[in-house]
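Take a look at the structure below.
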Ligand code: 4AD
Ligand code: MG
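Numbering (our numbering), first residue to last: 123 to 585.
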């Protein structure tokens, strides 16, 4: 099928090719215009947002009646540079072959569709301008994540998807079982007997690769994961998905302050990468999604993040001239309205909030000397809210064991996690960046369902 002989439209439009004659293009029809003596096809092959214009000088010679929007074609032709058009190169067709027809009921005719409608047809939406851009942007930014860590000597590690531990201790784990739901084996007390299940105990999908990343960091030094994570969290918001991708670096011999330098470097690196290496996508977002996006991201890439402790943040919120639905007092979990006030009204930029009360954070965070707060950091950004959660880890065996008990955890299940503190323990720190939330922030896309190709949310796991 000419796979190796075809030229990608991105290279044609960039004039990255030597020979303009007998070029083969494989792609899908976006539009067709036919008149008596001339016809035009706009072809897209997914390599770029932009279409290649195909000019047909003798329309009668080609099967144009059978070519509809959405059809896939093989076209052979020669390229010509032209002036005064959006694209300065076009193709004159010599041969056109229909690879796959597209009946007239194809849903993506040339008109604008709402994002809500496009979610219903997520199998076709990658062929629209917006979702082509979103997917290519995801690809570029995923590469940037690896580039950042690889350039700094971090090892990319793979942590398990199926696990018997709840890394966040928040009980948001999806079960993984092969037991018959209609007729499960029971224990003497009438509970489901998971000892007869596939793994011999209760298992689920991971909510975070952190615990295993800690084990590897305490052997390899600097590591990072980049993989899917799952939360059975019944939050129907524009920022929560039941399946999302998380980047989790974990650094041995690193404390909270040192890690915060890495976080800021990392985020700014990703912003700059988007501006420099994803120009086509950023220009699109800036034009169609949020005018001013490029300016905002540029400014943030150059300014310092705000820094505030949780306790200071509570003071700011208490003094705020705002009507919060959820009352502010020391000890509360910051709600979205509070995060928005801090980032959008008070600081007007991304901020790092540190030293949260221990009771609202996970068991593994290092207890501060005040015995009330932990060495945690959340990175909050305007519009999206929390994009990063992280902490220095509790490296003291006894303190960690006590914290686990206080949290009602079964210590026997986590002996391995404690062992790391028994044999050559080190101060270590790590964080998790939600990949979708990062992309939402940079692009200005406002719903997480539109930044991941096939979103999983309460009530929806289609496609
Ligand atoms: O704050 P979280 O729960 O932290 C952890 O899981 C730690 N174990 C990370 C670590 O220290 N290695 O989640 C981290 C980030 C959040 O800040 C958010 O960006 C994203 O993951 N996130 C979600 N993104 C989309 N949908 C959800 N339901 C999310 N839950 C968390
Ligand atoms: Mg968090």
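For every residue, glycine included, the Cβ atom is placed at its ideal position computed from N, Cα and C.
Just the C-alpha distance for residue i and residue j, rounded to the nearest angstrom, thanks.
i	j	result
residue 214	residue 180	10 Å
residue 397	residue 326	39 Å
residue 287	residue 322	14 Å
residue 328	residue 537	18 Å
residue 257	residue 248	7 Å
residue 359	residue 568	11 Å
residue 346	residue 267	10 Å
residue 481	residue 319	34 Å
residue 467	residue 457	15 Å
residue 542	residue 128	54 Å
residue 364	residue 134	40 Å
residue 137	residue 172	13 Å
residue 371	residue 342	12 Å
residue 494	residue 374	25 Å
residue 522	residue 401	46 Å
residue 440	residue 433	11 Å
residue 294	residue 330	11 Å
residue 142	residue 200	6 Å
residue 527	residue 252	49 Å
residue 301	residue 282	21 Å
residue 489	residue 497	6 Å
residue 243	residue 430	43 Å
residue 236	residue 309	52 Å
residue 491	residue 517	14 Å
Among residues of its own chain, excluding the 5 on either side of residue i, which ones have a beta-carbon nearer than 8 Å to its beta-carbon?
i	result
residue 529	291 and 485
residue 245	585
residue 204	210, 211 and 212
residue 188	220 and 223
Between which two residues does the beta strand (DSSP E) harbouring residue i extend?
i	result
residue 503	498-503
residue 272	Premise fails: residue 272 lies in the alpha helix (DSSP H), 251-273, not in any beta strand (DSSP E).
residue 194	194-203
residue 215	211-222
residue 346	344-352
residue 367	365-374
residue 538	Not the beta strand (DSSP E): residue 538 falls in the alpha helix (DSSP H), residues 537-544.
residue 325	325-327
residue 180	Counting along the chain, residue 180 falls outside any beta strand (DSSP E), and DSSP gives it neither H nor E.
residue 240	Careful: residue 240 lies outside any beta strand (DSSP E), inside the alpha helix (DSSP H) at 237-242.
residue 161	161-166
Terminal residues of the continuous alpha helix (DSSP H) containing residue i?
i	result
residue 550	Per DSSP, residue 550 belongs to no alpha helix (DSSP H); it is in the beta strand (DSSP E), 550-556.
residue 462	458-462
residue 571	Segment: none, residue 571 is in no alpha helix (DSSP H) and carries neither H nor E.
residue 392	378-399
residue 521	519-528
residue 135	131-135
residue 605	In this structure the chain extends from 123 to 585, so residue 605 is not present and cannot be described.
residue 148	Per DSSP, residue 148 belongs to no alpha helix (DSSP H); it is in the beta strand (DSSP E), 145-156.
Would a C-beta distance cut-off of 8 Å place residue i and residue j closer than the cut-off?
i	j	result
residue 472	residue 503	yes
residue 628	residue 367	Outside the shown range of the chain, which is 123 to 585, sits residue 628, and nothing can be said about it.
residue 132	residue 169	yes
residue 356	residue 580	yes
residue 452	residue 438	no
residue 514	residue 344	no
residue 475	residue 563	no
residue 146	residue 124	yes
residue 332	residue 289	yes
residue 177	residue 165	no
residue 270	residue 393	no
residue 335	residue 385	no
residue 403	residue 255	yes
residue 259	residue 561	yes
Cutting at 6 Å between CB atoms, please list the residues of its own chain near residue i, excluding the five before and the five after it.
i	result
residue 324	316
residue 296	326, 327, 352 and 354
residue 217	198
residue 593	An answer regarding residue 593 cannot be provided, because it is not within the stretch 123 to 585 covered by the chain.
residue 152	164, 166 and 173
residue 299	319
Report all residues from its chain with a CB closer than 7 Å to the CB of residue i; omit the five preceding and five following residues, and keep chain order.
i	result
residue 228	190, 191 and 192
residue 571	241, 577 and 579
residue 469	428
residue 130	167 and 169
Should the segment 205-222 be regarded as contacting the segment 185-197, the criterion being three or more beta carbon pairs within less than 8 Å? yes
Are there three or more Cβ pairs, one per stretch, closer than 8 Å when the segment 549-558 is compared with the segment 379-391? yes
For the 8 Å Cβ check, are there 3 or more pairs between the segment 396-413 and the segment 558-567? yes
Report yes or no: do three or more beta-carbon pairs, one from the segment 297-317 and one from the segment 259-267, lie closer than 8 Å? no
For the structure I just gave you, are there three or more beta carbon pairs, one from the segment 462-469 and one from the segment 411-422, closer than 8 Å? no
For the segment 443-455 and the segment 419-426, state whether three or more C-beta atom pairs, one from each stretch, are separated by less than 8 Å. no
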